[in-house]
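Shown next, in structure tokens, is the structure this report addresses.
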Amino acid sequence: ERFLVLLLVVSVVSSQTIPKEMLPCLSCHRMMVSIMFLDPSQALKINLLLSPIQMALQLGSPGSPGSPVPFAWTSFLLNCTNEGHILIFIAISSCYLDASLREKVMATVKMEAKTREAEANLAAARKLLKVTCDASLQLTENLEITQPERAFLEILGAEALEVEGRSFLDFISPADRQRFVDVVQTSSIHESPAGSLSVHLVDSSCEVRLYHVKIHSEKASSLDSDPDGSVPVQHLLGATQITTQTKEMARADDMR
79 ERFLVLLLVV
89 SVVSSQTIPK
99 EMLPCLSCHR
109 MMVSIMFLDP
119 SQALKINLLL
129 SPIQMALQLG
139 SPGSPGSPVP
149 FAWTSFLLNC
159 TNEGHILIFI
169 AISSCYLDAS
179 LREKVMATVK
189 MEAKTREAEA
199 NLAAARKLLK
209 VTCDASLQLT
219 ENLEITQPER
229 AFLEILGAEA
239 LEVEGRSFLD
249 FISPADRQRF
259 VDVVQTSSIH
269 ESPAGSLSVH
279 LVDSSCEVRL
289 YHVKIHSEKA
299 SSLDSDPDGS
309 VPVQHLLGAT
319 QITTQTKEMA
329 RADDMR
């Protein structure tokens with residue numbers, strides 16, 4: 079900031095030596111340098127201190143000495159008006175930019191906090207599903223498969239290249255798709271942490287019990303956030319192949 083102060087001093091002192099046609103350019107230079115200060119109040123204080131020097135140099139420039147008194151007063155008033163406009167512009171522009179930067183910093187801090195919370199919730203949900211389910215799978219907001227685990231691929235009977243980026247609904251039998259969508263939407267809208275249902279898979283005779291957990295994108299940024307600052311919702315699925323024991327547990331869960 080010392081360099082910026084030096085630039086302001088140079089611009090004020092040089093106002094006596096440069097042609098009058100260059101004074102508007104010099105005023106713009108002062109404004110631009112003032113905007114670069116991190117503290118708007120400091121920029122305004124420095125310009126307030128330099129304003130009397132600026133007006134004194136202008137009044138003492140060649141042509142002013144020996145002039146009639148009315149002309150001297152007119153020049154003084156014009157210089158005061160010019161300095162007043164410069165100071166007002168510096169104050170408004172500096173405060174506006176400072177407020178905008180503060181708002182962006184606060185938005186970034188809030189987004190980082192929400193991202194850390196989302197990462198912690200995702201890790202906890204994955205640990206829980208790893209203990210209670212045979213496999214887990216992450217879906218995007220549009221129910222597209224991402225980061226498929228080998229165990230889940232074995233349940234689907236497909237390879238990673240065949241399922242990556244495809245909708246998970248393609249692997250559920252048509253009779254169970256709407257039920258799955260309803261469970262996902264209910265779990266996503268309300269604050270209930272998870273939902274479950276039993277479905278049949280396409281091209282497979284097995285039946286699986288799916289457990290849905292609403293999560294937030296761990297790679298979300300301020301550009302991906304919603305207008306209210308929330309992180310986009312994604313989905314985490316846990317799957318357990320239905321056996322006689324799990325079928326009885328599934329019936330008990332459905333009765334609840």
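Per the working numbering, the sequence shown starts with residue 79, numbered consecutively. Note that beta-carbon positions come from the ideal geometry of N, C-alpha and C, so glycine has one too.
Selection Val277, Phe246, Val111 evaluated against Glu219 yields Phe246 as nearest (Cα-Cα).
Rounded to the nearest whole angstrom, the C-alpha separation of Ala169 and Cys158 is 16 Å. Residue pairing by DSSP places Tyr289 opposite Ser274, Gly316 in a beta bridge. Of the other Cβ atoms in all chains shown, fewer than 16 fall within 10 Å of the Cβ of Ile96; this residue is therefore exposed. Around the beta-carbon of His290, 16 or more other beta-carbon atoms lie within 10 Å, marking it buried. Taken atom to atom, the span from the alpha-carbon of Thr152 to that of Leu104 is near 21 Å.
The secondary-structure analysis by DSSP pairs Ile223 across a beta bridge with Leu217. Counting C-beta pairs closer than 8 Å gives fewer than three between the stretch 200 to 218 and the stretch 174 to 192, which falls short of the contact rule. Burial state of Pro226 is buried, judged by a 10 Å Cβ sphere holding 16 or more other Cβ atoms. The C-beta distance from Val111 to Leu85 rounds to 5 Å, short enough to meet the 8 Å contact threshold. Contact annotation: Asp254 and His278 have beta-carbon atoms nearer than 8 Å. Residue environment analysis places Arg194 among the exposed positions, since fewer than 16 neighbouring C-beta atoms fall within 10 angstroms of its C-beta.
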